[in-house]
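Using the working numbering, the first residue of the sequence shown is number 430, and each one after it goes up by one.
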Amino acid sequence: MRRIGLIIDTEAGHTIPFVDLGLQLMEHGHEVVFIGLAQSIQLLPPSLRSAYVSVLDGVYEAATIRAIRQQAPLDFPCYWGFDAHLERLLDPGLRDQLRQLRLDALIANPFLGLETAIAAELVGAPAIFALPMMGSEPGPLAKMHLELQPAALQRRIIELLQLTPDDLEAALARWPALILCAREFELPELVYTDAHAHYVGPCLRDYDAAKQLAERGETETVYVSLGSTRVRETAPARALLHALLDEARANPSTRFLVTGAPPGEVPPNVELRQWFAQRELMRSARATVIHGGLGGIRDAIAGRLAPIVTPFVRDQPDNARRVAYHGLGLDLRGQVEQLGSALRRVRAGEFDERVEALRERFRELDRARTAARTLDQLLA
Numbered sequence: 430m431r432r433i434g435l436i437i438d439t440e441a442g443h444t445i446p447f448v449d450l451g452l453q454l455m456e457h458g459h460e461v462v463f464i465g466l467a468q469s470i471q472l473l474p475p476s477l478r479s480a481y482v483s484v485l486d487g488v489y490e491a492a493t494i495r496a497i498r499q500q501a502p503l504d505f506p507c508y509w510g511f512d513a514h515l516e517r518l519l520d521p522g523l524r525d526q527l528r529q530l531r532l533d534a535l536i537a538n539p540f541l542g543l544e545t546a547i548a549a550e551l552v553g554a555p556a557i558f559a560l561p562m563m564g565s566e567p568g569p570l571a572k573m574h575l576e577l578q579p580a581a582l583q584r585r586i587i588e589l590l591q592l593t594p595d596d597l598e599a600a601l602a603r604w605p606a607l608i609l610c611a612r613e614f615e616l617p618e619l620v621y622t623d624a625h626a627h628y629v630g631p632c633l634r635d636y637d638a639a640k641q642l643a644e645r646g647e648t649e650t651v652y653v654s655l656g657s658t659r660v661r662e663t664a665p666a667r668a669l670l671h672a673l674l675d676e677a678r679a680n681p682s683t684r685f686l687v688t689g690a691p692p693g694e695v696p697p698n699v700e701l702r703q704w705f706a707q708r709e710l711m712r713s714a715r716a717t718v719i720h721g722g723l724g725g726i727r728d729a730i731a732g733r734l735a736p737i738v739t740p741f742v743r744d745q746p747d748n749a750r751r752v753a754y755h756g757l758g759l760d761l762r763g764q765v766e767q768l769g770s771a772l773r774r775v776r777a778g779e780f781d782e783r784v785e786a787l788r789e790r791f792r793e794l795d796r797a798r799t800a801a802r803t804l805d806q807l808l809a
């Protein structure tokens, strides 16, 4: 048994895949410590909250994180690499706290926690990346990691690791990465061939809880998620909501469960909330419309649903491409007027066979605890 630290964020889309990974590691016999901010604990199931430590609270005040996120562009990829916090994050005090955790390894999200991975390395806990997102262009993982980081952070890394600028990419390439999906979902031109890149599956459980379509009840439910970030407030998101409301009015016997703020009067068959239990809903819904984050797509496939993707930012457009390329569902970017047609195609079962094939691949990887076994090999 090893003691593994996992850094978690305050965004559900980034944190839930890490929780899934942590649960698989625990089932495999490892001890897991979830590391993050005080508000991160809200995203953990109650049964895991005793495994949480808020080591980073003195580094990232919640108010500061919220302010930066509100000011940053929507496609800003790196949340934690802010100049004002570099010295505090990598100072001896934080290193002492990490050292006291006595970790055998620390798993970090390179989009959020590269600095903390550096700090862990400095106290002798090997850093391993886990990616809740997938790549958007060809090239080695190290290139992607490097491009996500602000120049000030790159300079600080060079200083701490005593590197030359030319050595930084090679240093990043030494760190292994667990990609939390199946290789079979990737676009051919974007498959990582690095020796340190490992496609380990989504780390989901309870595959048997997803009902067959014939068992999903008499009332058809369409689940619509615009994600957990402020992308919900953008003009494209509002256009999608208007199209959904029109579709709901035209289909009064269908129930629509939608995340987001109402753009106007809502028909009685639409329920709008800030949050739904997504994974459970996808096991019983007849169709889903999602923004294209990898977590939502994985949940849809596990729930035997062909995703209709309306991407906005970050990795979402590329995930929509993946869905369309593999014939798993539809990419509706810029085509919200096609929503009704897309729902009819999905409900007619056009994509079911390919969705089921990828679902079985997910299930195979997760039943074998591929992520946990890969970690064992990396730490051997």
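Cβ atoms here follow ideal geometry from the backbone N, Cα and C, with glycine treated the same way.
- Relative to the Cα of H457, the nearest Cα in the group Q806, A801 and L808 belongs to A801.
- Taking a C-beta distance under 8 Å as the contact criterion, A714 and L734 qualify as a contact pair.
- Only exposed fits A679, as fewer than 16 other CB atoms lie within 10 angstroms of its CB.
- Between the alpha carbons of I433 and L807 lies a distance of about 13 Å.
- Here DSSP, grouped into helix, strand and coil, assigns L673 to helix.
- In the DSSP assignment, Y652 is bridged to L686 and T717.
- Each of N538, E649, D635 and R603 was checked against the Cα of L772, and the nearest Cα belongs to E649.
- At a cut-off of 4 residues, the continuous stretches assigned as alpha helix (DSSP H) that sit fully inside the stretch 778-807 are 781-796.
- W704 is classed as exposed because its beta carbon has fewer than 16 other beta carbons within 10 Å across all chains shown.
- In this structure, L669 places its C-beta atom within 8 Å of the C-beta atom of V765.
- Short of 7 Å from the beta carbon of I470, and not among the five residues preceding or following it, lie these beta carbons of its own chain, in chain order: R478 and Y481.
- Judged by DSSP secondary structure, F447 falls within the alpha helix (DSSP H) whose first and last residues are A441 to E456.
- Around the beta carbon of R743, a 10 Å sphere encloses 16 or more other beta carbons of the protein chains shown; the residue is thus reported as buried.
- Burial is judged here by how many other beta carbons sit within 10 angstroms of a residue's own beta carbon; A534 has at least 16 and is buried.
- Taking 8 Å as the upper bound for CB-CB distance, F780 and G758 are in contact here, some 6 Å apart.
- In this structure A677 is buried. Its beta-carbon is surrounded by 16 or more other beta-carbon atoms within 10 angstroms.
- Looking only at I445, A556 and V718, the smallest Cα-Cα distance to T739 is reached by V718.
- In the three-state scheme derived from DSSP, where H, G and I count as helix and E and B as strand, E709 is classed as helix.
- Taking the Cα of V620 as reference, the smallest distance to any Cα among D747, D795, S654 and D760 is reached at D747.
- About 5 Å separates the CB atoms of L454 and V461; that is less than 8 Å, so the two are in contact.
- Spanning the alpha carbons of I730 and M711 requires a straight line of approximately 9 Å.
- Exposed is the label assigned to D596, since fewer than 16 other Cβ atoms lie within 10 Å of its Cβ.
- No Cβ-Cβ contact shorter than 8 Å links H671 with P561.
- Counted as a single uninterrupted DSSP element, the beta strand (DSSP E) harbouring I536 occupies residues A534 to A537.
- Just measuring C-alpha positions, the residue of P697, L686, V775 and G693 sitting nearest Q707 is L686.
- Closest in alpha carbon position to P617, among G465, L452, M430 and R751, is R751.
- C-alpha of A753 to C-alpha of A611: approximately 16 Å in a straight line.
- Contact between L435 and V629 is ruled out by a C-beta separation of about 14 Å, above the 8 Å threshold.
- Per DSSP, the beta-bridge partners of V699 are F685.
- Looking only at L723, A777, R796 and I608, the smallest Cα-Cα distance to A624 is reached by I608.
- In terms of CA proximity to R727, F614 leads the group L532, F614 and R528.
- With contacts defined as CB atoms closer than 8 Å, P665 and F741 qualify as a contacting pair.
- Separation of G778 and L452 (C-alpha to C-alpha, rounded to the nearest whole angstrom) is 33 Å.
- Assigned with DSSP and collapsed to three states, V620 falls in coil, not helix or strand.
- Where G763 is concerned, there is no enclosing alpha helix (DSSP H), because DSSP gives it neither an H nor an E.
- For G693, there is no enclosing alpha helix (DSSP H), as DSSP marks it with neither H nor E.
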